[in-house]
Structures are given as structure tokens and as C-alpha cells.
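Residue numbers (my numbering): 43 to 273. Below you'll find the structure, written out as C-alpha cells, and then a few comments.
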Amino acid sequence: MSLSSKNAHIDKTSILIVEDEPLLCDAYRLVFENISNNTSFSNFDLDIYNDFSSAKEAILGVDDDLHLVILDIRLRSGDYLAGNSGEGLGILLRKNLPKTKIIVVTSLTSNHRLHMILKYINPEGLLIKSEIDFISIQNDIVAVLKGNNVYSQTTIDFFKQDVGVKLNLDDIDRKILYLLSKGVKVNKLTNYVPLTTSGIEARKRRIAKVFNMNKPSIADLLHASKQKGII
Numbered sequence: 043m044s045l046s047s048k049n050a051h052i053d054k055t056s057i058l059i060v061e062d063e064p065l066l067c068d069a070y071r072l073v074f075e076n077i078s079n080n081t082s083f084s085n086f087d088l089d090i091y092n093d094f095s096s097a098k099e100a101i102l103g104v105d106d107d108l109h110l111v112i113l114d115i116r117l118r119s120g121d122y123l124a125g126n127s128g129e130g131l132g133i134l135l136r137k138n139l140p141k142t143k144i145i146v147v148t149s150l151t152s153n154h155r156l157h158m159i160l161k162y163i164n165p166e167g168l169l170i171k172s173e174i175d176f177i178s179i180q181n182d183i184v185a186v187l188k189g190n191n192v193y194s195q196t197t198i199d200f201f202k203q204d205v206g207v208k209l210n211l212d213d214i215d216r217k218i219l220y221l222l223s224k225g226v227k228v229n230k231l232t233n234y235v236p237l238t239t240s241g242i243e244a245r246k247r248r249i250a251k252v253f254n255m256n257k258p259s260i261a262d263l264l265h266a267s268k269q270k271g272i273i
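And the structure:
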């Protein structure tokens, strides 16, 4: 089936995979072959994309919801700060194809990134690559196709320990801390968050107050953020 076909009757289970690791792409093909041979789900229409641009074009070309998208977040050709990473594709999917089920499969374990994925993509599955294997990913895909949600242990632990929510830090606070942890200079933060320089300084003072710190350095803020599991 062509993903952009407007009038074709959809008899197959349409699957779109965004993954830039060739070995994982081959593994996904085997996983779906195994699912087709051993479960009630079969007749898959599988399309795999290896970069942000081609995946975005495919998503924009779909006229009806896909059954399932498996989405890697860290793409070699993508740039999180520029908005063309897996997160951007997930947000686009939720906007354009709201009924499509999404499983995010990622190597990322940053608490900030997990928070943003869960809040803005709200996937039916969020799996950490180091915590899955051939059998578990097969079982997780089947579970999501049946209407269930699936999460890796790291994701479950994050749900339990999301200190940022308890401390009343909003997404801009979190993003400022995350950007600082990645080496972005304070005077460059206005390129990535919708605040003036004075607004960013006010945010830094507010975060320091939340952390119960008096005029901390950037290093002190980041150390506290890591200890509290925010970044």
C-alpha cells in the first residue's frame, strides 16, 4: 500500500518505523514476520524510514491514521535543538494522525527528554533500547496493537520519581536546565526558549529559590538538578 494513497481500501495493518540503525531495521522486519506467523495479527504493510526528512514527508502524505508507528528519538540526521528529531515527528503524528498508536523506542534516558516525550507525544509505549530484546519487543508490539500501554522499567521509575512535578518546575525551567547541562551558554538561551535575557535570569533565580539555594553558580544549579533527577 502506498502511504499517500487516498482511495485505497486499507485491508492491511499499516506500520511505519523510523529508525536509523540498519541492524535494528532488519530486526524489526524479523519481529513483524514472527508476529505474523505466531499471532492473530498478520498482513502487515511495513514502511521503514531512516531519517527525519523522509519520515516527515511520509507522515504528511498519509490521509488516514496508521495502525502503529515505532519511533526512534535520536536520529543521526536530526537535531533536537532545531526541532527536527524524533520528538518533532511524534508531535506531528499526534497532531495529524491522532488515532495512530505510537511506540517510542530510544536509547535516551535523560529525565528531561523522557518528561517531554511523555507530555507532548504521550505514546502508547516508551521503551529503552538497552532494556528490550527480540522477544520483549515482539510482546510489546502485540500488546499495543491490542490496545494496551507498555513501558520499560526506566520509564516506570521515572513516573514514580518525577521530582520536577513535585517542585513545580514548568517545561521552560526544565529546558533551561537541560540546555545548560548540554553546554549552551546563558547568553545563547534566548535562541531556544521564548524569553528575554532578563526573563531567563528571573527563571534562574526562581529555580534557585525552588532548590533552596542562595545565588548558586550554574555548576551548583546543574549539580542540584542531577541529584534531584530533573536532567
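C-beta: ideal position from N, C-alpha, C; glycine also.
What is the rounded straight-line gap between the Cα of V60 and the Cα of I273?
25 Å
Check whether the stretch 138-151 touches the stretch 107-120, taking contact to mean three or more Cβ pairs, one atom from each stretch, closer than 8 Å.
yes
Is the number of C-beta pairs between the stretch 170-182 and the stretch 130-142 that are closer than 8 Å three or more?
no
Assuming D114 contacts G103 under a Cβ cut-off of 8 Å, what Cβ separation, rounded to an integer in Å, is found between them?
The pair is not a contact, with the Cβ atoms about 20 Å apart (cut-off 8 Å).
For H265, does the count of other Cβ atoms within 10 angstroms reach 16, so buried, or fall short, so exposed?
Burial call: exposed.
Residues in the same chain with beta-carbon distance under 7 Å from T151, minus the five sequence neighbours each way, listed in chain order, please.
Annotation for T151: I170 and T196 place their beta carbon closer than 7 Å to its own, counting only its chain and skipping 5 residues before and after.
Please list the terminal residues of the continuous beta strand (DSSP E) segment that includes I249.
Here I249 belongs to no beta strand (DSSP E); instead the alpha helix (DSSP H) covers T239 to V252.
Where L45 and Y220 are concerned, what is the direct C-alpha to C-alpha distance, given to the nearest angstrom?
Residue placement at L45 is poorly supported in this model, since its pLDDT is 44, which falls under 50; the coordinates still yield a value, given next. Cα-Cα distance, rounded: 36 Å.
Please report the distance separating the alpha-carbon of H51 from that of S149.
Note that H51 scores 44 on pLDDT, short of 50, meaning its location in the model is unreliable and no value can be drawn from it.
Assuming I198 is part of the alpha helix (DSSP H), what are its boundary residues?
Membership of I198 in the alpha helix (DSSP H) is indicated by the continuous run Q195 to Q203.
Which partner residues does T55 have in the DSSP bridge list?
Beta-bridge analysis with DSSP links T55 to F86.
Does the Cβ of A97 have 16 or more other Cβ atoms within 10 Å, making it buried, or fewer, making it exposed?
buried
Using a C-beta cutoff of 9 Å, does I183 count as contacting chain B?
In the structure shown, chain B cannot be found, because there is only a single protein chain.
Classify N79: buried if its beta carbon has 16 or more other beta carbons within 10 angstroms, exposed otherwise.
exposed
Is the Cβ-Cβ distance between S240 and S267 less than 9 Å?
no
When you compare each of E99, D199, L160 and H157 to N15 by their alpha carbons, which one comes out closest?
Since the first residue shown for the chain is 43 and the last is 273, residue 15 is missing from the structure and cannot be characterised.
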